Amino acid sequence: MFGLTLGKVLCMASVVLGRYLGRPPRCLPVLLLFLTDRCNLRCRMCGVCERDQGEAYKNELSSDEWRSVIAAAADHLGTFMMSISGGEAMIRQDLCEIISFAVSKGIHVHLCSNGFLFTEEKVDALRDAGVSMISISVDGPDAETHDFLRGKKSFEAAVRAIRLVRERAPEVFLGINFLIAPHNYLRMQEMVSFAKAEGIVKLKFAPLHTNLLHRYKSQQDFDGLFFKAEELPLLEAELQRTRKACAAQGIATTSDGFFKGIPLFYQGKQSFRCYAGYAVCAISPYGEVMPCCDHDTGLSVKDRPLNEIWHDPVFHEARKRVHHCKSACWDTTNTELSLRLRPETVPANALQILRDLRFYFGKKSKTPINKESVTDSD
């Protein structure tokens, strides 16, 4: 069902057992590729811009090097899911080649983008490459709210990208990533209606981080983007209403556990067993292999194949650091996946887990678009 095979189940079982016993799992289910630090936008909450310096891009992995990474993951580690982002991954001219190669290896590919560089030709190329799902960053139901974070005309570009995918690649699942901030959290319920009208399958909500990709950003640059203590009860109530709105509209969203943990995250009270380095591995544009972006290893796929690094004692020491990590972290990749892998949550959230599997491993039929159902948000 939804591409869930016995092999994938056994792979995930290996991950859970490995995390419990503190030993390297035999397989690597999810690979995070950060293709580039380059980006066409300068979003006010993003720290990747600080990494996009001068001619550093000349040291990015080449097309052949990325293919070697993917082949090692698929052939030796049983990888079946790959998420591609940046920076802005669409800047890479070889993006579709990389996606196509991954698909040829049996890997489902998820692309995260700001949507600004989407054209008819590029959407056609993404479709033909075999991308399974595309998530576009949209932080509000209108230009004023969204553009506050991402810059002028970025909302218009994001909506155009969503509609291009709907029209030219209806078999590709569409998602929205929404960053929660003080200026937009009261618009979250409106975002549910917006997502429904635009044919969105999954709407994910995430809090702001100062670590991970944003750890090089000056703390003062985050001024005005964090919630005050007195706002947190309002945020919690709005999150509860938003969860109910998603359920009523039939839109898949962030897990209940993740929703409930967002206010606690802002209070510094979050706690979970992280699976970074067990279920997930991150690779930087320059080839460094990490459990997540907070834990450098000094190990590079430019020097050794990914499958060797995965079982290397040095990488396992980085896994051990994850066990005791104190970073303020509540992200929609490692945290969400870690919450899903808690044994006590699987029976209670079986239906939601199946819906998520459909988003990441399913395939939509090529149904025509009812353009009358799409609101004009440009």
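Numbering-wise (the working numbering), the sequence shown opens with residue 327 and increments by one.
In this text, a Cβ means the ideal position worked out from N, Cα and C, and glycines have one as well.
Quick caveat, the model's predicted, so the values are computed rather than measured.
Check	Outcome
Rounded C-alpha distance that separates M616 from K628	14 Å
Straight-line gap, A483 to Y592 (C-alpha atoms, nearest Å)	31 Å
Spatial neighbours of V374 in its chain, beta-carbon cut-off 8 Å, leaving aside the 5 residues before and after	D363, C365, G412, G413, L539, H540
Residue interval of the beta strand (DSSP E) (run including F727)	Because the chain here runs from 327 to 704, residue 727 falls outside it and cannot be looked at.
C-beta atoms of R370 and L534 nearer than 8 Å	no
Beta-carbon proximity of F588 to W636, cut-off 8 Å	Residue identity differs from the one stated: residue 588 is Ile in this sequence, not Phe. Not in contact: I588 and W636 (Cβ atoms no closer than 8 Å).
DSSP-derived helix/strand/coil call for L421	helix
P355 and C337 closer than 8 Å at C-beta	yes
L343, buried or exposed, once every other Cβ within 10 Å from all chains shown has been counted against 16	exposed
Extent of the continuous beta strand (DSSP E) to which L565 belongs	Per DSSP, L565 belongs to no beta strand (DSSP E); it is in the alpha helix (DSSP H), 558 to 575.
Distance between beta carbons of F442 and K334, contact taken as under 8 Å	No, K334 and F442 are not in contact; Cβ-Cβ is about 34 Å, not under 8 Å.
Top-ranked residue by Cα proximity to F520, from F481, E614, S388, C372	F481
Closest residue to S463 among G348, A532, K522 (Cα-Cα distance)	A532
Contact check, L452 vs C422, beta carbons under 8 Å	yes
8 Å Cβ cutoff met for S458 and H434	yes
C-alpha gap between G525 and R492, whole angstroms	7 Å
S439 burial status per 10 Å Cβ neighbour count (16 or more: buried)	buried
Cβ shell of P505 (< 7 Å), same chain only, five flanking positions each side left out	According to the sequence provided, residue 505 is Leu. The question's Pro does not apply to it. Contacts found: M371, D465, L475, A532, L534.
Contact set for P631: own chain, Cβ-Cβ below 6 Å, skip 5 residues either direction	A398
One or two residues paired with E447 in a DSSP bridge	BP columns for E447 are empty, so no partner.
Inter-residue Cα distance where the pair is T659 and L437	13 Å
Where L332 falls, given that 16 or more other Cβ within 10 Å makes a residue buried	exposed
C-alpha gap between L560 and Q546, whole angstroms	25 Å
S394 CB to nearest heavy atom of the ligand ATP below 7 Å	Here there are no bound small molecules, and the ligand ATP is not part of this structure.
DSSP-derived helix/strand/coil call for M531	Note that residue 531 is Phe in the sequence shown, not Met. The answer is strand: DSSP assigns F531 an E or B state.
Spatial distance of I609 from E446 (CA atoms)	29 Å
Separation of M517 from K586, as counted between CA atoms	19 Å
Per DSSP, the bridge partner or partners of A608	L358, M616
Contacts around L529, its chain only, beta-carbon distance under 6 Å, and the 5 residues preceding and following it disregarded	I502, A521, I577, T579
Presumed contact (8 Å Cβ cut-off) between K431 and A400, rounded CB distance	4 Å
Nearest-angstrom Cα separation, counted from Y612 out to D390	13 Å
Span of the beta strand (DSSP E), counted from its first residue to its last, around Q503	Just to set this straight, residue 503 is Asn in the shown sequence, not Gln. Looking at the DSSP string, the run of the beta strand (DSSP E) that includes N503 is 499 to 505.
Same chain, Cβ closer than 8 Å to V341, neighbours up to 5 away in sequence not counted	P351, C353, P355, Y601, Y604, A605, L667
Endpoints, the beta strand (DSSP E) within which V435 is located	434 to 439
One or two residues paired with M371 in a DSSP bridge	Looking at the DSSP assignment, M371 forms no beta bridge with any residue, so it has no partner.
Residues near K697 in its chain [Cβ-Cβ closer than 8 Å; skip 5 each side]	Because K697 sits at a pLDDT of 39, beneath the cut-off of 50, its placement in the model cannot be relied upon, and the following sentence gives the value as read from the coordinates. Cβ within range, chain order: n/a, list empty.
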